Amino acid sequence: MTLPDPAAAGRAAVEARRARAAVKRALRAGQRGPRDVAERAWQEPESPEGRLRVPEYLGALRGMGPKRVEQLLATLGIAEGKRLGGLGGLQRERVRGWLADVDPSRRPRLIVLAGPTAVGKGTVAQYVREHFPQIRHSVSATTRAPRPGEIDGVHYSFVSDAEFDRMVDEREFLEWATVHNQSRYGTPRSSVQAALDAGDSVLLEIDLQGARQVRESFPDAVLLFLAPPSWDELVRRLVGRGTETESERERRLETAKVELASQPEFDATIVNTDVAEAAREVVERILTAEADSGA
Ligand SMILES: Nc1nc2c(ncn2[C@@H]2O[C@H](COP(=O)(O)OP(=O)(O)O)[C@@H](O)[C@H]2O)c(=O)[nH]1
Ligand SMILES: Nc1ncnc2c1ncn2[C@@H]1O[C@H](COP(=O)(O)OP(=O)(O)O)[C@@H](O)[C@H]1O
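Using full-length UniProt numbering, the first residue of the sequence shown is number 1, and each one after it goes up by one.
Printed below as a string of structure tokens:
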């Protein structure tokens with residue numbers, strides 16, 4: 001017979017409280033969107049999001065004092081002790097409706113992050129992934145071979161030439177291009193559209209040719225150019241990464257010159273001196289674009 005272990009139960013309770021506090025902090029800081037937290041709570045009622053009491057959740061949103069929370073609970077017909085994950089279908093619909101009303105002008109946007117090889121697009125995108133989970137990332141398909149540490153389906157979907165041909169023929173790509181005169185890369189249309197339809201902005205980390213195609217088909221996409229602090233620093237990062245041969249590096253640096261010259265085509269340039277700084281700037285641009293009604 002296994003005896004209950006009160007110490008372990010106590011530790012689990014402390015952990016759970018910490019996890020809920022982290023969700024509230026992220027909401028307050030605007031690092032997580034209210035919709036994102038609510039949807040997660042409804043997907044998984046036992047997650048920290050799901051275990052949040054509704055007044056705690058509402059109270060963590062910008063501009064929501066205790067008085068407004070109390071009034072809102074009455075309007076939405078939700079009892080004070082209810083947990084977010086425990087809301088019924090009708091109550092969820094009411095919360096969704098309220099969230100849409102609070103900020104009706106917020107529009108999900110397609111965001112392109114482009115820039116020369118080794119400027120740090122992957123590193124900055126990874127920082128955004130880890131610190132700002134409300135922004136979705138598209139996973140591209142590519143015919144290039146995986147680098148050490150790259151995971152199929154996470155960094156890229158690694159596909160054969162024949163599979164890429166099939167995807168092109170069946171119009172599965174929103175855009176695609178042959179990059180550095182070598183491998184083909186493409187953005188899957190269906191997952192991007194699904195994220196936008198669900199109200200989430202999507203970050204695409206793609207090359208200049210792809211950025212131009214996106215501008216054509218999505219005129220309101222936001223195009224961000226990630227630039228190096230200097231040419232020498234760009235070369236240092238490429239060499240330092242150590243993932244290409246000498247001839248491959250030269251080929252990439254040739255493309256980099258063309259890409260650097262294309263900066264005026266972009267909506268903004270962000271200089272990647274410090275990764276955290278650059279990532280924050282990317283997210284700020286996304287939030288500003290979401291809030292722009294386009295009127
Ligand atoms: N057009 C397009 N370019 C992509 C896509 N995915 C990645 N790329 C670009 O392909 C280029 C090569 O990427 P990669 O092989 O990871 O090498 P890196 O740029 O040196 O890190 C980069 O400029 C990427 O931004 C895509 O889906 N479409
Ligand atoms: N702000 C930065 N300062 C110093 N090194 C950086 C910075 N951003 C990225 N790097 C480094 O530069 C190299 C290239 O970055 P990576 O993200 O692979 O570039 P990209 O995806 O644009 O080709 C990596 O070794 C990465 O660790």
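Every residue gets a Cβ at the ideal spot worked out from N, C-alpha and C, and that includes glycine.
Given the structure is predicted, the values throughout are model-derived calculations rather than measurements.
Q) For I111 versus S201, is the C-beta spacing smaller than 8 Å? A) Taking the sequence shown and counting its residues from 1, the one referred to as residue 111 is at position 111. Taking the sequence shown and counting its residues from 1, the one referred to as residue 201 is at position 201. Contact flag set, yes.
Q. Tell me which same chain residues have a C-beta within less than 6 Å of the C-beta of E259, skipping the five on either side of it?
A. Here residue 259 corresponds to residue number 259 of the sequence shown, with the count starting at 1. By the criterion of a C-beta distance shorter than 6 Å, E259 is surrounded in its chain by P116, L208, once the five residues flanking it on both sides are discounted.
Q: At 3 residues or longer, and completely inside the region 111-186: list those beta strand (DSSP E) runs for me, N to C.
A: Correct list: 173-179.
Q: Would you kindly check if the distance between the Cβ of A279 and the Cβ of H155 is under 8 Å?
A: Looking up residue 155 in the sequence shown gives position 155. Looking up residue 279 in the sequence shown gives position 279. Going by C-beta atoms, H155 is not nearer than 8 Å to A279.
Q. Are R94 and G199 touching if we call contact CB-CB under 8 Å?
A. Along the sequence shown, one-based indexing puts residue 94 at 94. Along the sequence shown, one-based indexing puts residue 199 at 199. Judged by their CB atoms, R94 and G199 are not nearer to each other than the 8 Å cut-off.
Q. Is L253 near V235, with beta carbons less than 8 Å apart?
A. Locating residue 253 in the sequence shown gives position 253, where the first residue counts as 1. Locating residue 235 in the sequence shown gives position 235, where the first residue counts as 1. In contact: L253 and V235 (Cβ atoms closer than 8 Å).
Q.
By the three-class DSSP mapping on this structure, what secondary structure does A268 have?
A. For the purposes of this step, residue 268 is taken as the residue at position 268 of the sequence shown. If DSSP states are grouped into helix, strand and coil, A268 belongs with the strands.
Q: Tell me whether V282 counts as near ligand 2, meaning its Cβ is closer than 7 Å to at least one heavy atom of that ligand.
A: Working through the sequence shown from its first residue, we reach residue 282 at position 282. V282: no, Cβ never under 7 Å from ligand 2.
Q) Ends of the beta strand (DSSP E) at L208? A) Mapped onto the sequence shown, residue 208 falls at position 208. Per DSSP, L208 belongs to no beta strand (DSSP E); it is in the alpha helix (DSSP H), 208-217.
Q. Within 8 Å (strictly less), CB to CB, does L203 reach chain D?
A. Among the protein chains of the structure shown there is no chain D, as only one such chain exists.
Q) If you measure from the CB of S190, is any heavy atom of ligand 1 nearer than 7 Å? A) Within the sequence shown, numbered from 1, the residue matching residue 190 stands at position 190. False, no ligand heavy atom lies under 7 Å from that Cβ.
Q) Where does D198 fall in DSSP's three states? A) Numbered from its first residue, the sequence shown carries residue 198 at position 198. Note that residue 198 corresponds to Ala in the displayed sequence, not to Asp. Coil, per DSSP.
Q) Name the DSSP bridge partner or partners of P188? A) Counting from 1 along the sequence shown, the entry for residue 188 is found at position 188. Residue pairing by DSSP places P188 opposite F173 in a beta bridge.
Q: Starting from V205, follow its DSSP beta bridges and name the residues at the other end.
A: Taking the sequence shown and counting its residues from 1, the one referred to as residue 205 is at position 205. One point to set straight first is that residue 205 is Glu, not Val, in the sequence displayed. DSSP lists L113 as partners of E205.
(Q) Would A41 and G85 qualify as a contact pair, given that the criterion is a beta-carbon distance under 8 Å? (A) As a position in the sequence shown, residue 41 is number 41, starting the count at 1. As a position in the sequence shown, residue 85 is number 85, starting the count at 1. For A41 and G85, yes; Cβs fall inside 8 Å.
Q) Mapping DSSP to helix, strand and coil, what is R106? A) Indexing the sequence shown from 1 puts residue 106 at position 106. In this structure, R106 counts as coil in the three-state DSSP scheme.
Q. Anyone know if the C-beta pair for L99 and L224 falls short of 8 Å?
A. Indexing the sequence shown from 1 puts residue 99 at position 99. Indexing the sequence shown from 1 puts residue 224 at position 224. Going by beta carbons, L99 and L224 fall outside the 8 Å limit.
**Q.** As assigned by DSSP and simplified to three states, the class of R53
**A.** Within the sequence shown, residue 53 is the residue found at index 53, counting from 1. In this structure, R53 counts as strand in the three-state DSSP scheme.
Q. Hey, how far is the Cα of P6 from the Cα of S47?
A. Walking along the sequence shown from the start, residue 6 turns up at place 6. Walking along the sequence shown from the start, residue 47 turns up at place 47. Their Cα atoms are separated by approximately 22 Å.
(Q) On the DSSP bridge list, what partners appear for L224? (A) Within the sequence shown, numbered from 1, the residue matching residue 224 stands at position 224. DSSP output for L224 lists L113, A268 as bridge partner(s).
Q: Compute the Euclidean distance between the alpha carbons of E172 and N181, then round it to the nearest angstrom.
A: As a first step, residue 172 is located in the sequence shown; it is residue number 172 there, counting from the start. As a first step, residue 181 is located in the sequence shown; it is residue number 181 there, counting from the start. Going from the Cα of E172 to the Cα of N181 covers about 22 Å.
**Q.** A276 (DSSP reduced to helix, strand or coil)
**A.** As a first step, residue 276 must be located in the sequence shown, where it is residue number 276. Three-state DSSP puts A276 in a helix.
Q) Considering G242, what are the terminal residues of the alpha helix (DSSP H) in which it resides? A) Along the sequence shown, read from residue 1 onward, the residue named residue 242 stands at position 242. Run containing G242: none; DSSP gives neither H nor E here.
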